[in-house]
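Remarks on the structure that follows.
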Amino acid sequence: MDMSFSAADLAFQAEVRAFLAAELPQRLRDGMNGTPSVFVEPEIGIEWQRILHARGWLAYQWPVEYGGTGWTPVQRYLFEKECALADAPALSVLGLKLVCPVITQFGTPEQKARFLERILTGEDLWCQGYSEPGSGSDLASLKTRAVRDGDKYIVNGTKIWTTHAHYADWMFCLARTDPDVKPQAGITFLLIRMDQPGITVRPIIGMAGDHEVNQVFLDDAEALVVDRIGEEGQGWTIAKFLLENERGGSCAAPRLLADLGRLEQLAQAQPGGFEGALGQDADFARRLAKLRLEAEALEMTELRVLGELAQGRKPGPQTSLMKLVASTLRQHVDELAVETFGYDGLQLATERPLYGNESPEPIGSKPAQLAMPTYLNSRAWTIFGGSNEVQKNIIAKAVLGL
Ligand SMILES: Cc1cc2nc3c(=O)[nH]c(=O)nc-3n(C[C@H](O)[C@H](O)[C@H](O)COP(=O)(O)OP(=O)(O)OC[C@H]3O[C@@H](n4cnc5c(N)ncnc54)[C@H](O)[C@@H]3O)c2cc1C
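Mind the numbering: the sequence shown is residues -13 to 388 in the numbering used here, read in order.
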């Protein structure tokens, strides 16, 4: 494998760097650095989304005919790497990276015309209605019921852990349309408007104080038949397609490596256990190097998968491997961050947002204030998108053939 970048790649990298230096305001960088959550809130994210859209770089993963950039895998990777190094806001994947590939792959021309542009402009925000109380890992057992009534479905049930449902205009939702066939065959993929009387959103506050997830109640909620993706009963196929994108559609290594680089720097200003700075401590250096090696190995796998995607192949079950490694590493990096800040890293600021918030005064630095909320928030990485145990089952069956 040739690991060096071509002159064209290096020119592209310089172009991205210059763009970020000129167009990414400090306020948005601070917003990214002030959130313990996986995605930034829309008040930060949408502004960055619009800047990227204006440059034509928002939908870089989409097919070119729908606004994609046509970048090579290496360009795509370099872009993500530079964004991570520059503290660019982590945008919600729900519209841009989850429902969009579904609409381009399975949607009608009318659905593409109606939804895609509004995702790009940030006019429509989305949430994912898959999990239910009792149906998470065993998703095919879901009970939310959709009954056809003329040109619409009447939907009843409840969805849980619904990220950003409180911001969303639309939910992409799995509902049971046929209870009399085997569970996977009776599921349909519906797009449901959130601003209707049949929808109630109840906040769930995480242990770090974040309001990211919700329980959504559907009581005679309506979904139009024209807003159904694919055929009735095709929902399971579409759901799995989306989950593969959710697990492997984004590169995690660039941000992990950027965060490790930052920790290395910050540790130079932290007192070590004995003499000198923590950054000079042999044990700290060993742990940092181990995590960096693992993140670099993940980087290679992510580049390989990007290469396969560029050849038109599906992400496939190896995305479970990426999800497993990336989520575990994320937690280890966030754990090391707490330890890096010593006592200062133990404070738990629960007020939100943390960015732009000077009260109460943080103990120590801003990064120290963020360490514990981020550590607690990142416990969810090994659960959402399918738990690590479930990823191991998939790897055992579909990758190793056990
Ligand atoms: C922060 C966060 C955000 C989320 N956002 C969304 C969202 O936007 N939309 C959405 O639909 N869902 C969302 N989820 C839900 C998430 O997908 C589920 O929590 C996840 O799939 C696990 O399901 P569960 O919580 O029902 O746990 P369960 O399925 O009940 O699992 C409980 C435990 O049993 C283990 N387990 C279960 N089955 C097996 C098995 N076969 N073999 C071995 N171990 C097993 C699990 O690994 C886990 O440790 C989110 C979750 C979190 C934490």
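From the three backbone atoms N, C-alpha and C, an ideal C-beta is built for every residue, glycine too.
Contact set for residue i: own chain, Cβ-Cβ below 6 Å, skip 5 residues either direction
i	result
G42	none
A194	P22, P359, L362, N363
E285	A239
Q254	A263, G265
N231	P87
A70	P240, R241, A244
P348	Q355
A430	No answer is possible for residue 430: the residues shown for the chain start at -13 and end at 388.
L102	Y52
I140	V133, D206
Nearest-angstrom beta carbon gap, residue j and residue i [assumed within contact, 8 Å]
i	j	result
L264	Q256	4 Å
L84	Q114	6 Å
S123	W147	Actually they do not touch by this definition, with Cβ atoms about 12 Å apart.
L14	E33	6 Å
D155	L111	5 Å
F227	Q377	Actually they do not touch by this definition, with Cβ atoms about 17 Å apart.
Reduced DSSP secondary structure (H/G/I, E/B, other) of residue i
i	result
A209	strand
D135	strand
F327	coil
V26	coil
T163	coil
H197	strand
W112	strand
F5	helix
W57	coil
G172	helix
I369	coil
P353	helix
L315	helix
W400	Since the first residue of the chain shown is -13 and the last is 388, residue 400 is not available in this structure.
S364	helix
Q130	Note that residue 130 is Thr in the sequence shown here, rather than Gln. Three-state DSSP puts T130 in coil, outside helix and strand.
T143	Note that residue 143 is Gly in the sequence shown, not Thr. Of the three classes helix, strand and coil, the one that applies to G143 here is strand, per DSSP.
R41	helix
L204	strand
S236	coil
L392	Here the chain has residues from -13 to 388 only, and residue 392 is not among them.
Identity of the residue in the options nearest residue i by Cα
i	options	result
V385	E288, Y341, L307	L307
P303	E321, D267, G387	G387
K168	P119, I190, W222	W222
E96	G216, Y139, V60, A70	G216
A126	Y52, G219, R3	G219
E51	K67, P87, P28	P87
R131	F92, L(-4), A207, P348	A207
L334	Y341, D164, A72, A354	A354
S351	F370, F327, G372	F327
L106	K383, L38, P75, V133	L38
A161	V291, L177, A154, T287	L177
Q297	S(-8), A4, Y46, P59	P59
R62	S(-10), R299, V133, E288	E288
I369	S(-8), V24, V212, A8	V24
R134	T174, T336, P183, E29	T174
M157	K300, A271, D267, R214	R214
E66	T336, Y46, E109	Y46
A312	E337, A268, S(-10), A283	A283
V212	K138, R179, E337	K138
P339	A8, E261, D16	D16
Close Cβ partners of residue i (< 8 Å) along its chain, the five nearest in sequence each way excluded
i	result
H152	V187, P189, H197, N200
G192	E198, V199, L362, N363, A366
L274	L246, L249, E250, A253, L322
T144	E118, P119, T130, Q201, V202, F203, L204
R278	L243, L246
Proximal residues to residue i (C-beta, below 7 Å), its chain only, five neighbours per side dropped
i	result
E280	L315
L64	D(-5), F(-2), Q(-1), V2
D320	T360, Y361, S364
G31	F25, P75, L77, S78
G259	D267
Check: residue i C-beta below 7 Å from any heavy atom of ligand 2
i	result
D124	You won't find ligand 2 in this model; what it holds is ligand 1.
*Run through the segment 69 to 107 for me and flag every whole alpha helix (DSSP H) of 4 or more residues, listed as ranges in chain order.*
86 to 92, 95 to 107
_Unbroken stretches of the beta strand (DSSP E), 3 residues or longer, contained in the segment 241 to 270_ = none
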